[in-house]
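To start, the structure under review is shown below, and the notes come after it.
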Amino acid sequence: NANATVAGNVTISSGATLYGDGATINAGGNWSNSGTFNAGTGSVAINGTGAQAISPTTFNNLSINKSAGTATLSGNVTINSNLSVQSGTFDLETYTSNRSAAGGLLSISNGATLIAGGANNFPQNYAAQTAGVTSTVHYNGTVAQTVAGITYGNLIFSNGGASAKTLNSSATVSGDISINNGASFNA
Numbered sequence: 579n580a581n582a583t584v585a586g587n588v589t590i591s592s593g594a595t596l597y598g599d600g601a602t603i604n605a606g607g608n609w610s611n612s613g614t615f616n617a618g619t620g621s622v623a624i625n626g627t628g629a630q631a632i633s634p635t636t637f638n639n640l641s642i643n644k645s646a647g648t649a650t651l652s653g654n655v656t657i658n659s660n661l662s663v664q665s666g667t668f669d670l671e672t673y674t675s676n677r678s679a680a681g682g683l684l685s686i687s688n689g690a691t692l693i694a695g696g697a698n699n700f701p702q703n704y705a706a707q708t709a710g711v712t713s714t715v716h717y718n719g720t721v722a723q724t725v726a727g728i729t730y731g732n733l734i735f736s737n738g739g740a741s742a743k744t745l746n747s748s749a750t751v752s753g754d755i756s757i758n759n760g761a762s763f764n765a
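Start counting at 1 in the sequence shown, then tack on 578, and there's your number in our numbering.
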C-alpha cells in the first residue's frame with residue numbers, strides 16, 4: 579500500500595470500502611464515511627486549511643495537523659492506536675474520540691487546541707496523555723462536564739452557568755487556566 583494525499587473530500591459511500599492498511603491518507607477536505615473503512619495499521623491525517631468535518635469512523639491512528647481552521651466531529655469516532663492533535667483545532671463537539679481498548683497515546687502538541695463540549699467526552703482509554711506547555715484544552719459545554727485529571731498546557735472553561743466543570747482526579751496546568759464569564763469550576 580502507498581500513501582495518498584487528497585486535497586478535497588474523502589467520501590466513502592454506502593456499500594463502498596476503503597482499505598487504509600499500512601498507508602497514510604492525508605485528507606484536505608471533509609472525511610465522510612457512510613460505508614466501510616478498514617483502517618488496518620494505517621493512519622489518517624486531517625490536514626486541510628479550512629473547516630473540516632469528520633464523520634463516525636474507526637481509525638487506527640488519527641492526526642489533526644491543520645495550519646488553519648478547525649476539524650470538527652459530526653459523530654463518535656473510535657481510535658485503535660494513537661490520537662494526535664499536532665496543530666490547529668480539533669473540536670469534539672459533544673462526541674467522543676475514545677480508544678477502542680486501553681493503550682496508545684493521546685498527544686496535544688504545543689500551539690494545538692482540543693475542544694470538548696460534552697458531559698464526559700475528553701478522549702478516554704489512552705495509556706498515556708501528553709499536552710505541550712503551549713497547547714490548550716477548552717471545555718466549552720453548556721452541560722455539567724467532567725474534567726480529566728491529566729497534565730494540561732493551558733486550560734479554558736466556558737459556558738455551563740450553574741452546570742459546573744468538575745475535576746475527576748488530580749490535574750496539573752503547566753500554563754494558564756481561564757474560567758470565562760458564565761462558567762464555573764469545581765476543583
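Cβ coordinates follow ideal geometry from the N, Cα and C atoms, glycine included.
Query                                                                                 : Result
Distance cut-off 7 Å: N718 Cβ against heavy atoms of the ligand GTP                   : Absence of the ligand GTP from the depicted structure is noted, as is the absence of any ligand whatsoever, leaving it without description.
Residue from A631, N718, I728 and A726 with nearest C-alpha to G695                   : N718
Nearest-angstrom Cα separation, counted from H716 out to A722                         : 14 Å
S665, DSSP secondary structure in three states                                        : strand
Cβ shell of A680 (< 7 Å), same chain only, five flanking positions each side left out : N703 and A705
Closest Cα partner of V622 within the set G760, D669, T650 and D599                   : D599
Assumed close pair G731, S747 - CB separation to whole angstroms, cut-off 8 Å         : In fact, because the Cβ distance is near 18 Å, the residues do not count as touching under 8 Å.
Beta-bridge pairing of L670 - partner residues as DSSP gives them                     : Beta-bridge pairing links L670 to no other residue.
Alpha-carbon to alpha-carbon, I693 and G647                                           : 13 Å
Inter-residue Cα distance where the pair is T729 and S612                             : 36 Å
Cα-Cα separation between I757 and F735, rounded to whole angstroms                    : 5 Å
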